[in-house]
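The block underneath contains the structure these notes are about, expressed in structure tokens.
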Amino acid sequence: MKKVYLKRFGDKKAEQGYQWIFSNNIDRTEGDPENGDVVSVFTNQNKFFGKAFYNKNSLISLRMLSFLDEPVDKAFIEKKIFTANAFRKKLYPDSDIYRMVFSESDFLPGLIIDRFDNVFSIQINSYGMEKLLPVIVEILKEHFSPDCIIEKNESPLRLLEGLEQRSGILSGEFEPRIIEIDSVKFNLDLITGQKSGFFLDQRENRKAIRRFVKGSRVLDCFCNEGGFALNAAFGGAGEVLGLDISKSVIEKCNLNSSINGFESICKFESADVFDALEKLLIDRKFFDTVIIDPPSFTKSKKNIPTARQAYKKVNTSGLRLIKDNGFLITSSCSHHIDEASFMATLKEAAIKARASLKLLEFHSASPDHPALLSMPETKYLKFGIFFVEKY
1044 MKKVYLKRFG DKKAEQGYQW IFSNNIDRTE GDPENGDVVS VFTNQNKFFG KAFYNKNSLI
1104 SLRMLSFLDE PVDKAFIEKK IFTANAFRKK LYPDSDIYRM VFSESDFLPG LIIDRFDNVF
1164 SIQINSYGME KLLPVIVEIL KEHFSPDCII EKNESPLRLL EGLEQRSGIL SGEFEPRIIE
1224 IDSVKFNLDL ITGQKSGFFL DQRENRKAIR RFVKGSRVLD CFCNEGGFAL NAAFGGAGEV
1284 LGLDISKSVI EKCNLNSSIN GFESICKFES ADVFDALEKL LIDRKFFDTV IIDPPSFTKS
1344 KKNIPTARQA YKKVNTSGLR LIKDNGFLIT SSCSHHIDEA SFMATLKEAA IKARASLKLL
1404 EFHSASPDHP ALLSMPETKY LKFGIFFVEK Y
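The sequence shown runs 1044 to 1434 under our numbering.
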């Protein structure tokens, strides 16, 4: 049996449900475990603690799988995936588009599965789950009859685990197709899409903006493939301008706009958002609603001050472009920027822009991305809708 023994008090956070045990809490190993092996974890007093993935080369040396002495085999993984999928079907009974597995939140550390009808996109960010990839593919093929299974294993988190970055088709064949989410259509191209291929975490938030934009002139910053812009058009916006630095993304936005018949409402431009906002201010082009959904400005704690400055700058510029009695719709997906810090940054931006903000709605990620209270890392998205008064 391959065993890992913890140092004294090395299990305290894990006893409260935290699933990561770091290398400085490891006392010793027995049985010569290799990276990615499932090991039995014992306390400093030789008491069984649980089963975990082991990786001696990662700062996160143990990722807890179970606090029971049970085999971690195909049946174990199968049960976890079934449980995760059944939960999502309760959330979206009329849709087969959702995040089916959300890593630690579903007690499958390092595994993400997004479902798009009969196409499945897999991301793996732990060495142990990498070893189980053939089993995961086998389970999906046996029970969900997929047309295609794709891996989008390009995250830099893999490098921290000692894993290579790659993407490709694991099973079947993939061709771009049209999917529909809350009555808005998107051309799904998982091969060229970012992260898992398509961002599902803002699903509910995109829908939430509809009642605030009727008849409005809307600016969508960092528009990606047009999720917020298209929902604004669906909600009755009179004019929508989407900005993103990626030319390929703008091409996708235009295609998605055409699919939905929104060409007369939506216009998309490839531009550096920070520069574009300054130009719009100089040209005195103002909007009723500004949407700001940037990529993560920091992946580590050491860059928090720089990230806060970026959030402050982009929200200040956005606020200056909003007409009096308009709306700011803004997000942060940086989990190192917590809710209190994000709100403080928005307050600073409002003061600089000489605006007063009234919070109307505040949300996290869609419920198929549940946040586990014992794992703060699973709660990363902050999304707010504010009424803006100028002074």
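Every residue, glycine too, gets a C-beta built ideally from N, C-alpha and C. Since this is a predicted model, take the numbers as computed values, not measurements.
Out of the options, point me to the one whose CA is closest to residue i's CA.
i	options	result
Asp1381	Leu1233, Ser1339, Tyr1135, Ile1193	Ser1339
Arg1106	Lys1366, Met1044, Ile1069	Ile1069
Thr1421	Leu1389, Ala1057, Glu1147	Glu1147
Pro1152	Asn1100, Ile1124, Leu1134, Arg1071	Ile1124
Ala1129	Ser1101, Met1386, Pro1337, His1186	His1186
Gly1281	Pro1199, Phe1330, Lys1250, Ile1293	Phe1330
Phe1159	Lys1133, Leu1176, Ile1193	Ile1193
Arg1254	Asn1267, Phe1277, Phe1242, Arg1246	Phe1277
Val1283	Ile1103, Ala1387, Glu1306, Gly1205	Glu1306
Gly1205	Arg1249, Ser1138, Ile1103	Ile1103
Asn1168	Pro1136, Met1143, Gln1208, Pro1189	Gln1208
Thr1072	Asn1087, Asn1346, Gln1062	Asn1087
Phe1052	Phe1092, Val1081, Met1044	Phe1092
Ser1291	Lys1250, Asn1346, Thr1235	Thr1235
Leu1134	Glu1247, Tyr1354, Asp1287, Lys1433	Glu1247
Phe1405	Phe1430, Asn1346, Ile1212	Phe1430
Lys1195	Lys1355, Val1180, Ile1212	Ile1212
Asp1367	Lys1355, Val1180, Arg1260	Arg1260
Asn1100	Phe1311, Lys1395, Arg1201	Arg1201
Gly1285	Lys1250, Phe1311, Gly1304	Phe1311
Gln1062	Asp1149, Lys1132, Arg1131, Glu1113	Asp1149
Could you tell me how far apart the beta carbons of residue i and residue j are, in whole angstroms, since I believe they sit closer than 8 Å?
i	j	result
Ser1377	Ala1350	6 Å
Ser1164	Leu1262	That pair is no contact at about 30 Å.
Lys1090	Ser1083	The Cβ separation is near 11 Å, so there is no contact.
Thr1332	Gly1369	6 Å
Gly1060	Ser1417	3 Å
Ile1120	Ile1182	6 Å
Gly1270	Phe1242	7 Å
Glu1321	Ser1289	Going by Cβ atoms, the distance from Glu1321 to Ser1289 rounds to 19 Å, so no, they are not a contact pair.
Pro1189	Val1162	7 Å
Arg1397	Lys1355	Actually they do not touch by this definition, with Cβ atoms about 14 Å apart.
Pull up the distance between the alpha-carbon of residue i and that of residue j, whole angstroms please.
i	j	result
Thr1341	Ala1118	38 Å
Ile1064	Tyr1170	15 Å
Tyr1423	Ser1409	11 Å
Cys1296	Ile1372	20 Å
Val1115	Ile1302	45 Å
Pro1419	Pro1413	11 Å
Val1227	Val1316	25 Å
Tyr1048	Gly1074	12 Å
Lys1174	Glu1077	11 Å
Cys1309	Asn1299	10 Å
Leu1245	Ala1387	The identity of residue 1245 in the sequence shown is Gln, whereas the question assumes Leu. If you take the alpha carbons of Gln1245 and Ala1387, they lie about 22 Å apart.
Asn1230	Glu1218	10 Å
Gly1258	Thr1126	43 Å
Pro1199	Asp1411	23 Å
Pro1177	Ala1319	46 Å
Leu1362	Asp1157	34 Å
Leu1108	Gly1079	12 Å
Leu1203	Arg1327	46 Å
Val1144	Leu1154	7 Å
Lys1055	Asn1067	13 Å
Glu1197	Glu1058	32 Å
Met1044	Asn1098	16 Å
Ser1138	Lys1050	47 Å
Lys1390	Glu1216	49 Å
Does the separation of the CB atoms of residue i and residue j fall below 8 Å?
i	j	result
Lys1046	Phe1085	yes
Ile1252	Ile1428	yes
Ile1325	Val1357	no
Val1256	Ala1275	yes
Cys1191	Ser1210	no
Ala1393	Ser1384	no
Phe1265	Pro1337	yes
His1379	Lys1344	yes
Leu1323	Leu1364	yes
Kindly examine the ligand FAD and report whether one of its heavy atoms sits closer than 7 Å to the Cβ of residue i.
i	result
Cys1376	Among the components of this structure there are no ligands whatsoever, and the ligand FAD is therefore not found.
- Message: Threshold first: 3 residues or longer. Then list the beta strand (DSSP E) segments lying entirely within the segment 1255–1316, N to C.
- Response: 1260–1264, 1282–1287, 1309–1313
- Task: Write down every uninterrupted run of the alpha helix (DSSP H) in the segment 1184–1255 whose length is 4 residues or greater and which is fully enclosed by it, in chain order.
- Result: 1200–1203, 1246–1251
- Completely contained beta strand (DSSP E) runs for the segment 1359–1419, where each covers 3 or more residues: 1365–1375, 1398–1406
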